[in-house]
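Visitor:
In this note's numbering, the protein residues as written are 18 to 730.
(1) Can you have a look at residue 89 and say buried or exposed, based on whether 16 or more other CB atoms are within 10 angstroms of its CB?
(2) To the nearest angstrom, how far is the alpha carbon of residue 557 from that of residue 476?
(3) Which of helix, strand or coil does DSSP assign to residue 514?
(4) Express the C-alpha separation of residue 582 and residue 518 in angstroms, rounding to a whole number.
(5) In chain order, what residues of the same chain lie with their CB nearer than 8 angstroms to the CB of residue 316, ignoring the 5 residues before and after it?
(6) What residues match up with residue 115 in a beta bridge as DSSP calls it?
(7) What residues are listed by DSSP as bridge partners for residue 400?
(8) Which partner residues does residue 322 have in the DSSP bridge list?
(9) My assumption, with CB atoms under 8 angstroms, is that residue 397 sits in contact with residue 302. Please give the rounded CB distance.
(10) Cα separation between residue 643 and residue 655?
(11) Quick check for students: name the residue ranges of the beta strand (DSSP E) that lie wholly in the segment 541 to 626, counting only runs of 3 or more.
(12) Is the segment 373 to 388 in contact with the segment 311 to 326, if contact means three or more CB pairs nearer than 8 angstroms?
(13) Does the segment 184 to 202 come close enough to the segment 273 to 284 that 3 or more CB-CB pairs lie under 8 angstroms?
(14) Determine whether the beta carbon atoms of residue 210 and residue 218 lie at a separation below 8 angstroms.
(15) Taking residue 152 and residue 177 to be in contact with their CB atoms under 8 angstroms, please state how far apart those CB atoms are, rounded to whole angstroms.
(16) Closer than 8 angstroms is the cut-off here; do at least three beta carbon pairs connect the segment 616 to 627 with the segment 660 to 678?
(17) On a Cα-Cα basis, can you pick out the residue from 80, 215, 99, 71 that is closest to residue 61?
(18) Bridge partners for residue 301 per DSSP, in chain order?
(19) Identify the continuous alpha helix (DSSP H) that holds residue 247 and give its terminal residues.
(20) Please work out which residues of its chain come closer than 7 angstroms, Cβ to Cβ, to residue 664, disregarding the five sequence neighbours upstream and downstream, and give them in chain order.
(21) Is the beta carbon of residue 95 less than 8 angstroms from the beta carbon of residue 130?
(22) Could you tell me the boundaries of the beta strand (DSSP E) in which residue 202 lies?
(23) Residue 214 and residue 279: beta carbons closer than 8 angstroms?
(24) Might you give, ordered along the chain, the residues of its own chain that have their beta carbon closer than 8 angstroms to the beta carbon of residue 248, omitting 5 neighbours on each side?
(25) When burial is assigned at 16 or more other CB atoms within 10 Å of the CB, is residue 514 buried or exposed?
(26) Evaluate residue 541 with the Cβ neighbour count: other Cβ atoms within 10 Å of its Cβ, from every protein chain shown; 16 or more gives buried, anything less gives exposed.
(27) Opposite residue 770 in the DSSP bridges: which residues?
(28) Helix, strand or coil for residue 183? Go by DSSP, reduced to three states.
(29) Is the segment 288 to 301 in contact with the segment 267 to 277, if contact means three or more CB pairs nearer than 8 angstroms?
(30) Does the distance from the CB of residue 68 to the CB of residue 87 come in under 8 angstroms?
(31) On the CB-based measure, 16 or more other CB atoms within 10 Å of its CB, does residue 44 come out buried or exposed?
(32) Under a three-way DSSP split, which group does residue 629 fall into?
(33) Taking one C-beta from the segment 523 to 537 and one from the segment 463 to 471 each time, how about it: are there three or more such pairs within less than 8 angstroms?
(34) Let me know if residue 403 comes out buried or exposed under the rule of 16 or more other beta-carbons within 10 Å of its beta-carbon.
(35) I believe residue 587 touches residue 601 by the beta-carbon criterion, under 8 angstroms. Please report the beta-carbon distance rounded to the nearest angstrom.
(36) Per DSSP, what kind of secondary structure is residue 466 in: helix, strand or coil?
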């Protein structure tokens, strides 16, 4: 007959005074890890001992019990109790719950190892949910943090993770996603949106936390956006706006969810600034977050005078400058300034800026016909540009007064000793047809020359001047540059004798952000630099150009000529008889020639395929073709199941660093172009050395002409 299986007998538990317990050398834990002894002692002091100690009777050399008990399992708890005794917060005779192991053939080392090995850490999801339960029970962040010896920030993170969609919790519990991915989902509080993004990721090879965050925040505005800096995040929140925050990574202030509210606040503040500037006396004020490229074209700029300082303000400026100089001298040998000193220098700079960088003062009559542009700078500050006169607001000239062409003169508007502007060579006033026969002689006075004779003489002079200039390439270049600079920098000035014009190209169609592109910023900066170098009045321009080196003339020439370049394609509906489709095609072909000559690189110019500037405005086949061309057919197949909006956003990410360009932005090779007929690379062989750079530089020039390209139409 089979014997019955023996029953398991558990070790007895008993309370043993603490002073009868000693730490066993059989405890396998040697390396400190996890919660500190001090923190564990505080927890025991708050909620008492939650887990008994595992002890064995201590034996002497003869195998007899000594009355003490060794602790092979529970050493950290023993040390925490020992610390409480040392702090006199617990009596040394305090009974301690213990499980006593007697007469076992299992070693103390094995017990210690088993206790630490078979113990399983709480799953992170259980931690999040447990803290959420405590929060629901009424415990505050500070209380929970204090009870579990963590910071309030850690508690916030745990509660944020506990608030993620239960569906995603289940996936995380089954190891279907990583903790980093779950943390990324915590950015958004919308469970439905979280689940949509996870479903989309099921068909994507990219499941990185960064990509998850980007998808969850794609319809929001960064707190670092210049619009937010302009109205301030505090004002947005006060108005009822909500902000998404990432508690696990630096989010630079988070994301604003109510974009409509933000735009409303921006518009209200801009309009308030418009009202202030109109109150100053300006005829008009235009406000926008950003203005398109070329918004000031065709307007004359008036200049004001620098606002003077009062004696009190001047004294304050000198005092601040002296204080700043003293601080710099005192800390000249210090590599890093103390915080308070750095703050003081910053405060001095800000106060000096308010005193010295004030807008110029304009005459009331100028303000009455001019206006102001108001926009937001990249740092969120208000950007104000004053003094622009529209063409329709220009004062009408008095028909009774001769036009002096902008030249300073005497009381009658002419230089002393000059002749009438209508008869510059003393010609007779035109009165119908030319009288026949020789003019009557009058020995008492010298009559003006006949108009016809003046025309004939100046015609001969013009022909001779053309021939002379044709033999002086340097002067020819200067006169063309003079005509171009007049049109580029001096509104309404046309005093050149050369019939050359640069028709400044307009941009009726502009992609978002074009005015803030790398090329636009470079053009604006270069234009402002030249404007500061050139004389204020156009009458002084010729002398200024002649005083320049050849290199400076070439640089200015290139800057002015560039404004006339037009490589835009126009749809047939815009021709209106002004330009034919053939002409537009030839223009594009010549633009390719020019692009190769200057090694145009649209990628280096900052263009990237995005949703707004390309991918969101073409069909799905175009999107897939772009990805396939840049990344391969297999990569394109990964997104072919997505909806149009999701496909465009995913494609933008895939193409971000690919250097891929759509066809209108590419520069084809010579073999790809049709015959340009008159355009020939051999034409440069016939150019003089002055224009090809083959000649020796003249005195005072650095020879950096580098094959100037001249195109005429």
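Using N, Cα and C, we set each Cβ at its ideal position, and we do this for glycine too.
Guide: Result, derived from the coordinates:
(1) Residue 89 sits at position 72 when you count from the first residue of the chain shown. Residue environment for residue 89: buried (at least 16 other C-beta atoms within 10 angstroms of its C-beta).
(2) The sequence position of residue 557 within the chain shown is 540, counting from 1. The sequence position of residue 476 within the chain shown is 459, counting from 1. Each residue's Cα considered, the two are about 27 angstroms apart.
(3) Taking the chain shown and counting its residues from 1, the one referred to as residue 514 is at position 497. Residue 514: coil per DSSP, three-state reduction.
(4) For the purposes of this step, residue 518 is identified with residue 501 of the chain shown, where counting begins at 1. For the purposes of this step, residue 582 is identified with residue 565 of the chain shown, where counting begins at 1. Each residue's alpha carbon lies about 12 angstroms from the other.
(5) As a position in the chain shown, residue 316 is number 299, starting the count at 1. Around residue 316: 405, 406, 407, 408, 508.
(6) The residue you call residue 115 lines up with position 98 of the chain shown. The partner list for residue 115 (beta bridge, DSSP) reads 31, 70.
(7) For the purposes of this step, residue 400 is taken as residue 383 along the chain shown, with counting starting at 1. Paired residue(s): 392.
(8) Translated into positions along the chain shown, residue 322 becomes position 305. Under DSSP, residue 322 shares a beta bridge with 378.
(9) For the purposes of this step, residue 397 is taken as residue 380 along the chain shown, with counting starting at 1. For the purposes of this step, residue 302 is taken as residue 285 along the chain shown, with counting starting at 1. In this structure residue 397 is not in contact with residue 302, their Cβ atoms being roughly 20 angstroms apart against a cut-off of 8 angstroms.
(10) As a working mapping, residue 643 is identified with position 626 in the chain shown. As a working mapping, residue 655 is identified with position 638 in the chain shown. Those two C-alpha atoms are separated by around 13 angstroms.
(11) If we require 3 residues or more, the segment 541 to 626 turns out to have no beta strand (DSSP E) run fully inside it.
(12) These segments touch.
(13) With the cut-off at 8 angstroms, the segment 273 to 284 and the segment 184 to 202 do not touch.
(14) Sequence index remark: in the chain shown, residue 210 carries index 193 (1-based). Sequence index remark: in the chain shown, residue 218 carries index 201 (1-based). Not closer than 8 angstroms, so no.
(15) The count along the chain shown starts at 1 and reaches residue 152 at position 135. The count along the chain shown starts at 1 and reaches residue 177 at position 160. Actually they are not in contact, since the Cβ atoms of residue 152 and residue 177 sit about 11 angstroms apart, beyond 8 angstroms.
(16) Put simply, the segment 616 to 627 touches the segment 660 to 678. At least three CB pairs are less than 8 angstroms apart.
(17) Position 44 of the chain shown holds residue 61. Per the Cα distances, 99.
(18) The residue you call residue 301 lines up with position 284 of the chain shown. As computed with DSSP, residue 301 is found in a beta bridge with 388.
(19) Numbered from its first residue, the chain shown carries residue 247 at position 230. For residue 247, the uninterrupted alpha helix (DSSP H) run begins and ends at 243 to 248, by DSSP.
(20) One-based indexing of the chain shown puts residue 664 at position 647. The residues are 637, 640, 656.
(21) In the chain shown, counting from the first residue as 1, residue 95 sits at position 78. In the chain shown, counting from the first residue as 1, residue 130 sits at position 113. With contacts defined by Cβ atoms closer than 8 angstroms, residue 95 and residue 130 do not form a contacting pair.
(22) Here residue 202 corresponds to residue number 185 of the chain shown, with the count starting at 1. Counting along the chain, no beta strand (DSSP E) covers residue 202; the unbroken alpha helix (DSSP H) around it starts and ends at 196 to 202.
(23) On the chain shown, residue 214 is found 197 positions in, with the first residue counted as 1. On the chain shown, residue 279 is found 262 positions in, with the first residue counted as 1. Not in contact: residue 214 and residue 279 (Cβ atoms no closer than 8 angstroms).
(24) Residue numbering aside, residue 248 sits at position 231 when the chain shown is read from its first letter. Around residue 248: 279, 282, 283, 286.
(25) Reading the chain shown from its first residue, position 497 is the one you call residue 514. Exposed, by the Cβ-count rule.
(26) Residue mapping note: residue 541 aligns to position 524 of the chain shown, counting from 1. By the neighbour-count criterion, in which 16 or more other beta carbons inside 10 Å mark a residue as buried, residue 541 falls on the exposed side.
(27) Residue 770 is absent from the model: the chain starts at 18 and stops at 730.
(28) Translated into the one-based positions of the chain shown, residue 183 becomes position 166. The three-state reading of DSSP puts residue 183 in helix, counting H, G and I together.
(29) Contact fails: fewer than three Cβ-Cβ distances are below 8 angstroms.
(30) To locate residue 68, count along the chain shown from 1; it is residue 51. To locate residue 87, count along the chain shown from 1; it is residue 70. Residue 87 is positioned such that its CB atom lies no closer than 8 angstroms to that of residue 68.
(31) By one-based count along the chain shown, residue 44 stands at place 27. By the neighbour-count rule (16 or more Cβ atoms within 10 Å), residue 44 is buried.
(32) Locating residue 629 in the chain shown gives position 612, where the first residue counts as 1. DSSP places residue 629 outside both helix and strand once states are collapsed to three, so it counts as coil.
(33) The segment 523 to 537 makes no contact with the segment 463 to 471; the number of CB pairs closer than 8 angstroms stays below 3.
(34) Against the chain shown, residue 403 aligns to sequence position 386. Buried.
(35) The residue labelled residue 587 in the question sits at position 570 within the chain shown. The residue labelled residue 601 in the question sits at position 584 within the chain shown. Rounded, the Cβ-Cβ distance is 6 angstroms, consistent with contact.
(36) As a first step, residue 466 is located in the chain shown; it is residue number 449 there, counting from the start. DSSP places residue 466 in strand when its eight states are reduced to three.
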